[in-house]
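Following: one structure in structure tokens, then a few remarks.
In the UniProt record's numbering, the protein residues as written are 1 to 642.
Structure, rendered in structure tokens:
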């Protein structure tokens, strides 16, 4: 038999292995929740009559869009409600560590401008849409495959957003329960068990087994590729009938799976049967993922060394013999296996447990999960799953250097005695060359779990923000990263900061240097090639901590924008989302100058269709007059403040 794999390039995992402690990990989540008796016993969902009404309105699944609608109605809305209510319960939120809101979204935001806080004026909207279309055409990353859906963690405090779970949908008529159960009856060594046998002749007894493994290897490779590209360790595949839960550990060449069939998992005799429903299993799974730290740069670099696999899953499914694809033999559950490590052979392939063994395991689990739930959850992010959360937390909480400190570093000035990291700076600032060499060396060698570089998961259309620390010297600042195809925008921003040198540290952050990386920095699916090193200026205006100071924002924003205009610079996107506020210094700063324009000399002005006066710079770039930009900013600020 000969078959050619075409089309989408996937990242091939070396091994697809059973997830042996899946049950214990899920049970740990419920053990924490049960500590809050009120949350565990309250009726959160509507009556059975309403559910029956909704069920009767559902249509049979005949396509992937139909499956998406089915999952949204029966799964995502319910799970979303549970997650929201869990965060509202103070005790549950603390037990599970739900610091961020969790949303189902079809994108991960980096390179997407669809979540603007305020409506644009008609003129700005037109310009924004044109720029958006142009960017999509130019960016080579726009055409990379992506999962059907993501669970995204979003912090209200700082606006950070991080994908935690990748979700893929496959309609049940294309991927049957039988195909899944046979294909994942054992672990898969992808090259030895599948790829190397594509051209091997098969007898009748082997054909069904091989085809099912072939289809499942290709299907999970597709989801695995989406996960590792986005830096997401957790994901699941849904057919509406079956769920295949995936986790990637410290070794990016291995992915662990667990298959669940909710209609078979829920038993009337099991007092904890509600935990086996589809909604409950996905809810617990998402909570597992939410507590997981992101993968390290070393993890990403090892992932880059994995082999590609060109795979056209649709063609594979069409080539699968009809007799195998439509096989509807009764489901045999090979997944109810011991979670204690026994009953497995050397390559992780498992033997099924007997009904009595299964009942014994349930009794044992019930007796220990309440005591061990918190301890099990606290182990998220250990050596087998990711960076040390304590270390990551210490980096995140480390104070930033002051603007005055970094101005002294940039200009060769004095140390700032008020800088919280002053004692580590020594008697004087290092020279620019020495400082940059330290940063480059840090990024080159410090790629493991204790790296002093932390993605802040605050990103927009063309870049992402990182927190950098030089432990030996104590310098702590932020860096705005950009991919190669957006480098011109980052260079333009650096030029604007140079022009605004005299107001750095007062109305705009301090800009230290544009740095080219020797190795790309992986960031939410992007590959950052350059970093713009800057001082930290504060939190978004929308941050809860800034709400008591909202009445000060209009005047502070006007003062900052007027100072920028005095340097013959037009921001071209001066809206509240591009401003930050530091309540300690009561300072508001304007950021994100990648679209900004330097005005070398006054130019002839014209009135556009919206009555906004425009000017044209030498290179033909259109921009608002200073008066027009101020008026536009005031209007946006009024809308923002309500």
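Backbone N, C-alpha and C fix where the C-beta goes; we use that ideal spot for every residue, glycine too.
Short Cβ contact (8 Å threshold) for residue i with residue j
{"i": "residue 211", "j": "residue 395", "result": "no"}
{"i": "residue 570", "j": "residue 596", "result": "yes"}
{"i": "residue 524", "j": "residue 464", "result": "yes"}
{"i": "residue 591", "j": "residue 579", "result": "yes"}
{"i": "residue 164", "j": "residue 232", "result": "yes"}
{"i": "residue 223", "j": "residue 166", "result": "yes"}
{"i": "residue 404", "j": "residue 416", "result": "yes"}
{"i": "residue 154", "j": "residue 101", "result": "yes"}
{"i": "residue 532", "j": "residue 477", "result": "no"}
{"i": "residue 496", "j": "residue 160", "result": "no"}
{"i": "residue 643", "j": "residue 641", "result": "Nothing in the structure corresponds to residue 643, since the chain is present only between 1 and 642."}
{"i": "residue 234", "j": "residue 168", "result": "no"}
{"i": "residue 528", "j": "residue 483", "result": "yes"}
{"i": "residue 177", "j": "residue 242", "result": "yes"}
{"i": "residue 543", "j": "residue 157", "result": "yes"}
{"i": "residue 446", "j": "residue 452", "result": "yes"}
{"i": "residue 267", "j": "residue 14", "result": "no"}
{"i": "residue 644", "j": "residue 286", "result": "Coverage of the chain is limited to positions 1 through 642, which leaves residue 644 absent and any answer about it impossible."}
Cut-off 6 Å between Cβ atoms - residues of its own chain near residue i, not counting five sequence neighbours on either side
{"i": "residue 626", "result": "565"}
{"i": "residue 208", "result": "324"}
{"i": "residue 504", "result": "510"}
{"i": "residue 64", "result": "169 and 171"}
Within-8 Å CB hit, residue i to chain C
{"i": "residue 319", "result": "Reference to chain C is not applicable here, since this structure consists of a single protein chain."}
Cβ-based neighbour list, residue i, same chain, cut-off 8 Å, excluding 5 preceding and 5 following
{"i": "residue 61", "result": "67, 70, 171, 172, 173 and 240"}
Proximity to residue i [Cα-Cα], best of the options
{"i": "residue 410", "options": "498, 85 and 22", "result": "498"}
{"i": "residue 549", "options": "587, 533 and 574", "result": "587"}
{"i": "residue 162", "options": "216, 289 and 471", "result": "289"}
{"i": "residue 519", "options": "487, 444, 450 and 485", "result": "444"}
{"i": "residue 302", "options": "505, 96, 522 and 17", "result": "522"}
{"i": "residue 196", "options": "279, 266 and 214", "result": "214"}
{"i": "residue 512", "options": "87, 543, 431 and 452", "result": "431"}
{"i": "residue 250", "options": "267, 286 and 294", "result": "294"}
{"i": "residue 181", "options": "261, 206 and 151", "result": "261"}
{"i": "residue 193", "options": "104, 17 and 551", "result": "17"}
{"i": "residue 259", "options": "300, 185 and 320", "result": "185"}
{"i": "residue 456", "options": "479, 442 and 473", "result": "479"}
{"i": "residue 573", "options": "632, 494, 526 and 555", "result": "632"}
{"i": "residue 440", "options": "526, 517 and 462", "result": "517"}
{"i": "residue 32", "options": "245, 97 and 472", "result": "97"}
Rounded separation between residue i and residue j - CA only
{"i": "residue 77", "j": "residue 427", "result": "58 Å"}
{"i": "residue 636", "j": "residue 422", "result": "39 Å"}
{"i": "residue 25", "j": "residue 247", "result": "12 Å"}
{"i": "residue 598", "j": "residue 488", "result": "15 Å"}
{"i": "residue 311", "j": "residue 190", "result": "13 Å"}
{"i": "residue 467", "j": "residue 238", "result": "36 Å"}
{"i": "residue 40", "j": "residue 277", "result": "15 Å"}
{"i": "residue 545", "j": "residue 538", "result": "11 Å"}
{"i": "residue 263", "j": "residue 274", "result": "11 Å"}
{"i": "residue 424", "j": "residue 412", "result": "17 Å"}
{"i": "residue 225", "j": "residue 534", "result": "33 Å"}
{"i": "residue 19", "j": "residue 284", "result": "15 Å"}
{"i": "residue 203", "j": "residue 216", "result": "20 Å"}
{"i": "residue 29", "j": "residue 257", "result": "18 Å"}
{"i": "residue 634", "j": "residue 593", "result": "19 Å"}
{"i": "residue 536", "j": "residue 146", "result": "32 Å"}
{"i": "residue 315", "j": "residue 321", "result": "12 Å"}
{"i": "residue 638", "j": "residue 556", "result": "14 Å"}
Same chain only: Cβ atoms within 7 Å of residue i, ignoring 5 sequence neighbours per side
{"i": "residue 507", "result": "560, 563, 564, 589 and 590"}
{"i": "residue 12", "result": "190, 221, 306, 307, 308 and 309"}
{"i": "residue 75", "result": "278, 279 and 282"}
{"i": "residue 448", "result": "296 and 298"}
{"i": "residue 398", "result": "469 and 476"}
{"i": "residue 474", "result": "421, 424 and 425"}
{"i": "residue 462", "result": "482, 486, 489 and 594"}
{"i": "residue 313", "result": "218, 219 and 222"}
Environment of residue i [buried if 16+ CB atoms lie within 10 Å]
{"i": "residue 269", "result": "exposed"}
{"i": "residue 629", "result": "buried"}
{"i": "residue 44", "result": "exposed"}
{"i": "residue 90", "result": "exposed"}
{"i": "residue 84", "result": "exposed"}
{"i": "residue 10", "result": "buried"}
{"i": "residue 23", "result": "buried"}
{"i": "residue 402", "result": "buried"}
{"i": "residue 585", "result": "exposed"}
{"i": "residue 575", "result": "buried"}
{"i": "residue 326", "result": "exposed"}
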